[in-house]
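Asks: Sending over a structure as structure tokens; questions will come in a sec.
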Amino acid sequence: MAIYFEGPYLMMAGMILLFILLIMKVKVKVNSYYILFWSLFYIYMCMVAKHTLFPIRLVSELSDREEVIKILNLIPFQNNSLENAILNVILTAPFGFLLPLIKNITKKRQVLLWAILFPVIIEGTQFVLNYSTGVAERIVDINDIVFNFLGVISGYGIYLVFVHFQIYHSAQFRMI
Numbered sequence: 001m002a003i004y005f006e007g008p009y010l011m012m013a014g015m016i017l018l019f020i021l022l023i024m025k026v027k028v029k030v031n032s033y034y035i036l037f038w039s040l041f042y043i044y045m046c047m048v049a050k051h052t053l054f055p056i057r058l059v060s061e062l063s064d065r066e067e068v069i070k071i072l073n074l075i076p077f078q079n080n081s082l083e084n085a086i087l088n089v090i091l092t093a094p095f096g097f098l099l100p101l102i103k104n105i106t107k108k109r110q111v112l113l114w115a116i117l118f119p120v121i122i123e124g125t126q127f128v129l130n131y132s133t134g135v136a137e138r139i140v141d142i143n144d145i146v147f148n149f150l151g152v153i154s155g156y157g158i159y160l161v162f163v164h165f166q167i168y169h170s171a172q173f174r175m176i
């Protein structure tokens, strides 16, 4: 048996999003741009979960916790492909771009903290799921953490360029 992030789980995620958006609009009274970026961030996080944590296999016959430990890759840049590196950067770049749009992040230390924390949470959750089910559905890999870190930093860099051009063009139009 396996749990996939589709059907009822996807519907539940959608209902949670609608409930949160309703609260944001009615109780918190945030502007439409914030709601848009928060919605994009929520949908992005759901897709990250779908592609990094699911399916979750619940088959006791295949359970082998020793195998889960054996396939851990804790040596950086060992058994890494260029495709895997690029995909890991692409996976987390939206996090680096969207996070400052929904959370006040102004210091480099905050960006670095999130750039480290987000990939560690993904890989840590993969390990916990693998170990608790005894099925190595996903390979826990230090390379993923490194390239996910670079993805978050790249996304934040794109955000900074976006903000710079937004400010520049806003100033240009005010001068006319």
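Each residue of the sequence shown is one higher than the last, beginning at 1 in UniProt numbering.
For each residue, glycine too, the CB sits at the ideal point set by N, CA and C.
Please list the terminal residues of the continuous alpha helix (DSSP H) segment that includes residue 67.
Replies: 65–70 is the span of the alpha helix (DSSP H), which, as asked, contains residue 67.
Asks: Counting only runs of 4+ residues fully inside the segment 12–80, write out the alpha helix (DSSP H) ranges in chain order.
Replies: As summarised for the segment 12–80, the continuous alpha helix (DSSP H) elements at least 4 residues long and confined to that stretch are 32–53, 65–70, given in chain order.
Asks: Going by C-alpha to C-alpha distance, which of 103, 88, 136 sits closest to residue 41?
Replies: Closest option to residue 41, judged by alpha-carbon separation, among 103, 88, 136: 103.
Asks: Taking residue 20 and residue 73 to be in contact with their CB atoms under 8 Å, please state how far apart those CB atoms are, rounded to whole angstroms.
Replies: So it is not a contact: roughly 36 Å between Cβ atoms.
Asks: Alpha carbons only, please: which of 155, 162, 12 is nearest the one belonging to residue 96?
Replies: 155
Asks: Taking the alpha carbon of residue 59 as the reference point, which residue from 75, 45, 167, 2 has its own alpha carbon closest?
Replies: Between residue 59 and the set 75, 45, 167, 2, the nearest pair of CA atoms involves 2.
Asks: In terms of alpha-carbon separation, which member of 144, 12, 143, 132 lies closest to residue 43?
Replies: 12
Asks: Return the CA-CA distance between residue 25 and residue 39, expressed in angstroms with no decimal places.
Replies: Straight-line Cα distance between these residues: approximately 12 Å.
Asks: Leaving out five residues before and five after residue 134 in sequence, what residues of the same chain have Cβ atoms less than 6 Å from its Cβ?
Replies: 63, 64, 65
Asks: Please determine, among 37, 136, 9, 144, the residue with the shortest C-alpha to C-alpha distance to residue 61.
Replies: 136
Asks: Tell me which same chain residues have a C-beta within less than 7 Å of the C-beta of residue 6, skipping the five on either side of it?
Replies: none
Asks: Under the DSSP definition of a beta bridge, which residues are partnered with residue 2?
Replies: 57
Asks: Determine the contact status of residue 76 and residue 142, defining contact as a CB-CB distance below 7 Å.
Replies: Taking 7 Å as the Cβ cut-off, residue 76 and residue 142 qualify as a contacting pair.
Asks: Judging by CA-CA distance, which residue of 130, 148, 9 is the nearest neighbour of residue 94?
Replies: 148
Asks: By how many angstroms is the C-alpha of residue 37 removed from the C-alpha of residue 161?
Replies: 17 Å
Asks: In terms of residues, what are the limits of the alpha helix (DSSP H) holding residue 102?
Replies: 82–102 is the extent of the alpha helix (DSSP H) around residue 102.
Asks: Below 8 Å on the Cβ atoms is my guess for residue 99 versus residue 105; work out the distance and round it to an integer in Å.
Replies: Confirmed, about 6 Å.
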